[in-house]
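Novice:
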Amino acid sequence: MPALLEAKGLHAGYGPTHVLHGLDFAVEEGGVTALLGANGAGKTTTLRAVSGMVRTAGEILFRGERIDGKATEDVARRGIAHVPDGRGTFLELTVEENFRLGAYIRRDREIEADFQRLWEWFPRLRQRWRQQAGTLSGGEQQMLAIARALLLRPRLLLMDEPSFGLAPLIVEEIFGIMRRIRTESGVGILLVEQNANLALELADQAYLLETGRIVVSGPAEQIRRDEAIRRSYLGY
Amino acid sequence: MDGLAHQIIAGIATGGIYASVALALVMIYQATHHVNFAQGEMATLSTYIALSFIGAGFPYWIAFFATIIVSFAIGVAVERLLMRPVQHAPVLTHVGVFIGLLLIIGNLTGWIFGYTTKPFPSPFESEGLLLGGLVSAHELGSTAVTLAVLALVYLFFRHTRLGLAMRAAAYNPASARLVGIRVGWMLALGWGLAAAIGAVAGMMVAPVVFLEPTMMLGILLYAFAGALLGGIDNPMGAVLGGFTVGVLENLAGAYVVGTELKLTVALIIIIGVLVVRPSGLFGRVVLSRV
């Protein structure tokens, strides 16, 4: 069985700037893969490459099919939901409208049922149902971004720094939700995160990026226990 | 008093035309952040197309709806063929394309249909005035038509899936792509809708001002004043601004500056808004907390 997502010799960049220099990584069906590394290592660019938001070379396979070179909207339509940095919610629209847009490509009759399920996961979003998304707190906006992405009913979720700029309690809540996503929905997750400790707790596989190259990879558990890696790359 | 009431009602009738064109301007502005200078010329071309349908023997309302469909297609084609290739170009390129479009469509219209002024039929034929002599049948009818168009556009954007997708694509194209919206087509649809709205405005105003290739020139200026007054990024504001400019223009023409200087009112409003309150009366305020 092919991996859910597999990158082979992935290069990417913006204009003349070359950011990724041949990455190989995979996300298994229903698994969580963490991409770790310092600022500027190329983590966000990797997610953008998968989503077709930057120019790439090399192969990206989603469930065995090439998706590199496809338009962002077509990647989304195949079942890859991306929670980008800056969250990608529609600040001018209401929470309800953000939910509806999340399910934009779906034609099934279970959309309302999914709303109910997500209300249970994120009770605060239900309270703010008719409020403009721009008026939500940072944590609520991150929840809205995750809800919006899940409404696509994705096979793969790309998460860019879900803990960024949030208070520790909120971060704990968000990671609680991510654990729930992994156990209850069977969605594969490619997670980019500064908080290596949290990410390695959640992940099965981890890759360490340094200036656009993978320097360490392996089971998350093993990396977490490796004192040398922790000291030299993760800084804790 | 009757004179004043009549001036106000007539102002509302022309204001409806300005409101429609202002709405068309806002729709393209929201998607591209530029003002489509050719909006008026496109509406004039549509009105000539309507006249051709009527001349070919079609009943008025069939010609009316056929014109809307053809205009929609022209709007989509303009976006796909002319705007799309320059979508990442700098502002001046867009301005250049809009001015080119203005000249090309204007002259094409004159070349195909001639430069002589032509009468255009009104579907609301009746001699004399209604409502105790306050309003003509055409004023009443055209106001009803513009209000119906505005209501339909509002319902479309508020309550349909496609309308929501178009708003999302205008506000945040990158995020819209992430939920699977085909942003390029949403822009093309916006152009189509703007052209269709402009077509209705053209057909409603032509019986009053008569049809000639530069018919919409002044109207575009009033509409632009209305859109700016209401807030160029706010559809509802632009519509209210359009009606306000219509009434102000009529009153100023009747009581203050006379009909020859009416257009100055629009220019004063444009400059006044830009100096005093560039976002307009109802300009969009995005609440955001960081």
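Top to bottom, those sequences are chains R and X. So the first sequence is numbered by numbering that gives the first Met the number 0: it starts at 0 and just counts up by one. So the second sequence is numbered by numbering that gives the first Met the number 0: it starts at 0 and just counts up by one. Glycine residues also receive a C-beta, built at the ideal position from the N, C-alpha and C atoms.
Mark residue 74/X as exposed unless 16 or more other C-beta atoms lie within 10 angstroms of its C-beta, in which case mark it buried.
Specialist: When all chains shown are included, residue 74/X counts as buried.
Novice: Residue 99/R CB to nearest chain X CB: under 8 angstroms?
Specialist: By this cut-off, residue 99/R is an interface position.
Novice: In chain X, what lies closer than 9 angstroms to residue 50/R by C-beta?
Specialist: The contacting residues are 176, 177.
Novice: Looking at the C-beta of residue 161/R, does it have a partner C-beta in chain X at a distance below 8 angstroms?
Specialist: No, residue 161/R does not count as interfacial toward chain X.
Novice: Spell out whether any CB of chain X is found under 8 angstroms from the CB atom of residue 81/R.
Specialist: Output row for residue 81/R: interface = yes.
Novice: Cα separation between residue 48/X and residue 83/R?
Specialist: Looking at the two C-alpha atoms, the distance is approximately 47 angstroms.
Novice: Note down, in chain order, every chain X residue with its Cβ under 7 angstroms from the Cβ of residue 89/R.
Specialist: Near residue 89/R (Cβ distances below 7 angstroms), the residues of chain X are 167, 170, 171, 174.
Novice: Using the three-state DSSP reduction, which class does residue 71/R fall into: helix, strand or coil?
Specialist: Correct three-state label for residue 71/R: helix.
Novice: Taking 8 angstroms as the CB-CB cut-off, is residue 164/X touching chain R?
Specialist: Closer than 8 angstroms: yes.
Novice: List, in chain order, every chain X residue whose beta-carbon is nearer than 9 angstroms to that of residue 103/R.
Specialist: Ordered by position in chain X, the residues that pass the 9 angstroms Cβ test against residue 103/R are 160, 163, 164, 167, 175, 178, 179, 180.
Novice: So which residues on chain X does residue 71/R lean against when the C-beta distance must stay under 7 angstroms?
Specialist: By Cβ distance, chain X contributes 176, 177.
Novice: So residue 6/X and residue 249/X are in contact, right, with Cβ under 8 angstroms, and what is the actual spacing, rounded?
Specialist: Sure, about 5 angstroms apart at Cβ, within 8 angstroms.
Novice: Mark residue 88/X as exposed unless 16 or more other C-beta atoms lie within 10 angstroms of its C-beta, in which case mark it buried.
Specialist: Exposed, since its Cβ has fewer than 16 Cβ neighbours within 10 Å.
Novice: For chain X, check one thing: does any of its Cβ atoms lie closer than 8 angstroms to the Cβ of residue 37/R?
Specialist: No, residue 37/R lies away from the interface with chain X (no Cβ there is under 8 angstroms from its Cβ).
Novice: Can you check which of these residues, 214/R, 204/R, 190/R, 28/R, is closest to residue 44/R by C-alpha distance?
Specialist: Closest by alpha carbon: 190/R.
Novice: Should residue 81/R be labelled buried (16 or more other beta-carbon atoms within 10 Å of its own) or exposed?
Specialist: Buried, since its Cβ has 16 or more Cβ neighbours within 10 Å.
Novice: Apart from the five residues on each side of it in sequence, which residues of its chain come closer than 7 angstroms, Cβ to Cβ, to residue 43/X?
Specialist: Here the set comprises 108, 201, 212, 214, 215.
Novice: In the DSSP assignment, find the unbroken beta strand (DSSP E) run with residue 82/R in it and report its ends.
Specialist: That run of the beta strand (DSSP E) goes 79-82.
Novice: Quick check: residue 168/X and residue 182/X, are their CB atoms within less than 8 angstroms of each other?
Specialist: Yes; because the gap between Cβ atoms is below 8 angstroms, this pair is in contact.
Novice: Could you tell me which chain X residues have their CB closer than 9 angstroms to the CB of residue 58/R, listed as they occur along the chain?
Specialist: Result: empty, since nearest Cβ-Cβ is about 22 angstroms, beyond 9 angstroms.
Novice: Kindly say whether residue 189/R, judged by its beta-carbon, lies nearer than 8 angstroms to any beta-carbon of chain X.
Specialist: Chain X contact via Cβ: absent.
Novice: Check whether the Cβ atoms of residue 76/R and residue 59/R sit closer than 8 angstroms, and answer yes or no.
Specialist: Their beta carbons are not under 8 angstroms apart, which means residue 76/R does not touch residue 59/R by this criterion.
Novice: Roughly how far, in whole angstroms, is the beta-carbon of residue 219/X from the beta-carbon of residue 39/X, given that I think they are within contact range, below 8 angstroms?
Specialist: Indeed, because the Cβ distance is near 3 angstroms, the residues count as touching under 8 angstroms.
Novice: In whole angstroms, what separates the C-alpha of residue 197/R from that of residue 34/X?
Specialist: Going from the Cα of residue 197/R to the Cα of residue 34/X covers about 49 angstroms.
Novice: Is the beta carbon of residue 54/R less than 8 angstroms from the beta carbon of residue 11/R?
Specialist: Going by C-beta atoms, residue 54/R is nearer than 8 angstroms to residue 11/R.
Novice: Is there a Cβ of chain X sitting closer than 8 angstroms to that of residue 75/R, yes or no?
Specialist: Yes - at least one Cβ of chain X is within 8 angstroms of the one on residue 75/R.
Novice: Considering only their Cβ atoms, is the gap separating residue 25/R from residue 4/R smaller than 8 angstroms?
Specialist: In this structure, residue 25/R lies closer than 8 angstroms to residue 4/R by Cβ.
Novice: Flag this pair as yes or no: are the beta carbons of residue 104/X and residue 41/X separated by less than 8 angstroms?
Specialist: Taking 8 angstroms as the Cβ cut-off, residue 104/X and residue 41/X qualify as a contacting pair.
Novice: Chain X partners of residue 151/R, CB-CB under 8 angstroms?
Specialist: 178, 179, listed in chain order.
Novice: I want to verify the contact list: residues of chain X whose CB lies under 8 angstroms from the CB of residue 124/R, in sequence order.
Specialist: Result: empty, since nearest Cβ-Cβ is about 15 angstroms, beyond 8 angstroms.
Novice: Any beta-carbon of chain X closer than 8 angstroms to the one on residue 92/R?
Specialist: At least one chain X Cβ lies under 8 angstroms of residue 92/R.
Novice: On the premise that residue 24/X lies in contact with residue 226/X, defined as a C-beta separation below 8 angstroms, what is that separation, rounded to the nearest angstrom?
Specialist: Right, their Cβ atoms sit about 5 angstroms apart.
Novice: Is DSSP giving residue 203/R helix, strand or coil here?
Specialist: Residue 203/R: coil per DSSP, three-state reduction.
Novice: Of all the options 252/X, 235/X, 242/X, which has the alpha carbon lying nearest to the alpha carbon of residue 282/X?
Specialist: Residue 282/X has its Cα closest to that of 235/X, out of 252/X, 235/X, 242/X.
Novice: Which residues does DSSP list as the beta-bridge partners of residue 218/R?
Specialist: Answer is 204/R.
Novice: Out of 69/R, 57/R, 173/R, 49/R, state which residue places its alpha-carbon closest to the alpha-carbon of residue 21/R.
Specialist: Among 69/R, 57/R, 173/R, 49/R, the Cα nearest to that of residue 21/R belongs to 57/R.
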